[in-house]
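Residue numbers (our numbering), protein chains in the order written: chain W, 39 to 250; chain D, 39 to 250.
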């Protein structure tokens, strides 16, 4: 189909599709005439993935491009591809030279992850986010070590096992990437919301008991 | 002590302290002379709480003021005060007239929370956030109902029970508010980070198994 049809099918303006082409997020169509090309289902699916990455995942163009490059590199094992998508979700590890307490917390979190027996790459953004949470607690006067996270690590592992078991067999690489983005971001939002609702419920129960 | 000493103790510029006074976030000092007042420990503690609310909790001045008003209203039971602090963390429920699918999802989430047997106020922000997660999944083509959140609700309840049991007895109202803000925000960040790390670990394990 022509670009105008691709625009209708996907609901994306032609200007946006052209932008994705220029940025390398969308592979070129098959040329049919000068300045004209034919687009197919692979383009429709790719545009959907790009939108999921940017709208749901909040990825920048540069991060989305890194995922697309990994996606198109068929020598890259699926597991590594999903790692690229996962890490692109961030949060970015800033600070070349972190303050001393954050630097120390990162080492402690590294040891903690080793103690858990988890295989996690050194560049995983979650490491830094967890170290920052530890530092935040300490700066607020709580005398804690990484084991304060034990109950959270336990349920996180339960959830991850459940989530992995739910992934259908035979997904394409692009479908698997989309699933990682959606699963990570949307269920994360749901988990956060449910934790707050559960806190409110447990707090209400405790208040009722006290007043009896 | 004078305002300049209060500034030194808390590390906050005098201009910031004056701003908090004007905005009703900080109670006035005891007047000692025209244009001069004496501040005490209650002011130091309040400023700490205000900073936690704004820096850690990301509360706006208006939301922080609502918590302060609830804090100072001693007729308000502690449980209700903590609810105010909790809800101020948001996310805000936008959209007076939500799109039809979101409207329907909100009703479904309401029924779901009832089925869980959770006592949660109608205005709890988590309700809307959860409905939005459900709608996001459906708009992405997943044919799901609210029970897709079952495993998350289960661990959320486990965590909430654990968290409530860890709150020390005899906290002041202000300390309890601070604890709710820090506990909700910092451990939420930790939980999100740990889930991503656990996903990476489980994914690596599965890849290793496949290659054996």
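Virtual Cβ for every residue (Gly too), placed ideally from N, Cα, C.
Measure how close the beta-carbons of residue 240(D) and residue 202(W) come, nearest whole angstrom, since I'm counting them as under 8 Å. 5 Å
Is it true that the CB of residue 169(W) sits closer than 8 Å to the CB of residue 151(W)? The answer is no: Cβ separation not under 8 Å.
Tell me the rounded alpha-carbon separation between residue 245(D) and residue 117(W). Each residue's alpha carbon lies about 6 Å from the other.
Write down every uninterrupted run of the alpha helix (DSSP H) in the region 78 to 114 of chain D whose length is 4 residues or greater and which is fully enclosed by it, in chain order. With a minimum length of 4 residues, the continuous alpha helix (DSSP H) runs that stay inside the region 78 to 114 of chain D are 79 to 89 and 99 to 110.
Determine, using beta-carbon pairs with one atom in the region 60 to 70 of chain D and one in the region 102 to 112 of chain D, whether at least three such pairs fall under 8 Å. yes
Spatial distance of residue 138(W) from residue 94(D) (CA atoms): 20 Å
Assigned exposure category for residue 20(D) - 16 Cβ within 10 Å defines buried: Residue 20(D) cannot be examined here, being either before or after the span of chain D that is shown, 39 to 250.
Of all the options 188(D), 229(D) and 113(D), which has the alpha carbon lying nearest to the alpha carbon of residue 192(W)? Ranking the options by Cα distance to residue 192(W), first place goes to 229(D).
Classify residue 183(W) as helix, strand or coil using the three-state DSSP reduction. coil
DSSP bridge partner residues for residue 69(W) (one or two, in chain order): 75(W)
Out of 53(W), 47(W), 40(W) and 101(W), state which residue places its alpha-carbon closest to the alpha-carbon of residue 72(W). 40(W)
Applying a beta-carbon distance threshold of less than 7 Å, which residues of chain D neighbour residue 195(W)? 236
Contact check, residue 128(W) vs residue 159(W) under 8 Å by CB: the rounded distance? Not a contact, Cβ separation roughly 15 Å.
Separation of residue 67(W) from residue 154(D), as counted between CA atoms: 50 Å
Taking buried to mean at least 16 other C-beta atoms within 10 Å of its own C-beta, is residue 182(W) buried or exposed? exposed
How about residue 227(W) and residue 162(D): are their beta carbons less than 8 Å apart? no
Compare the beta carbon distance of residue 231(D) and residue 167(W) with 8 Å and say whether it is the shorter of the two. Yes.
Just to confirm, is the Cβ distance from residue 50(D) to residue 87(D) under 8 Å? Between residue 50(D) and residue 87(D), the C-beta spacing is not below 8 Å.
When DSSP labels each residue in this structure, what does residue 209(D) get in the three-state scheme? coil
Determine which residues of the region 200 to 212 of chain D have a Cβ less than 8 Å from any Cβ of chain W, and write them out in chain order. 200, 201 and 202
Which residues in chain W sit within 7 Å of residue 240(D), going by Cβ to Cβ distance? 198, 199 and 202
Would you decide whether residue 145(W) is buried or exposed? Buried here means 16 or more other CB atoms lie within 10 Å of its CB. exposed
Under 8 Å (Cβ pairs) to chain W, residues found in the region 114 to 144 of chain D: Result list: 115, 116, 117, 120, 121, 124 and 127.
Reference residue 12(D), options 218(W), 177(W), 217(W) and 243(W), closest by Cα: A query on residue 12(D) cannot be resolved here, the shown segment of chain D reaching from 39 to 250 and no further.
Along the region 72 to 99 of chain W, where does the CB come closer than 8 Å to a CB of chain D? Name the residues. 90 and 94
Please report how far the alpha carbon of residue 222(W) lies from the alpha carbon of residue 237(W), in whole angstroms. When rounded, the distance between both Cα atoms is 22 Å.
For residue 190(W), decide whether its Cβ has a neighbour in chain D, counting only Cβ atoms nearer than 8 Å. yes
The alpha helix (DSSP H) spanning residue 49(D) covers which residue range? Looking at the DSSP string, residue 49(D) is not in any alpha helix (DSSP H), and its letter there is neither H nor E.
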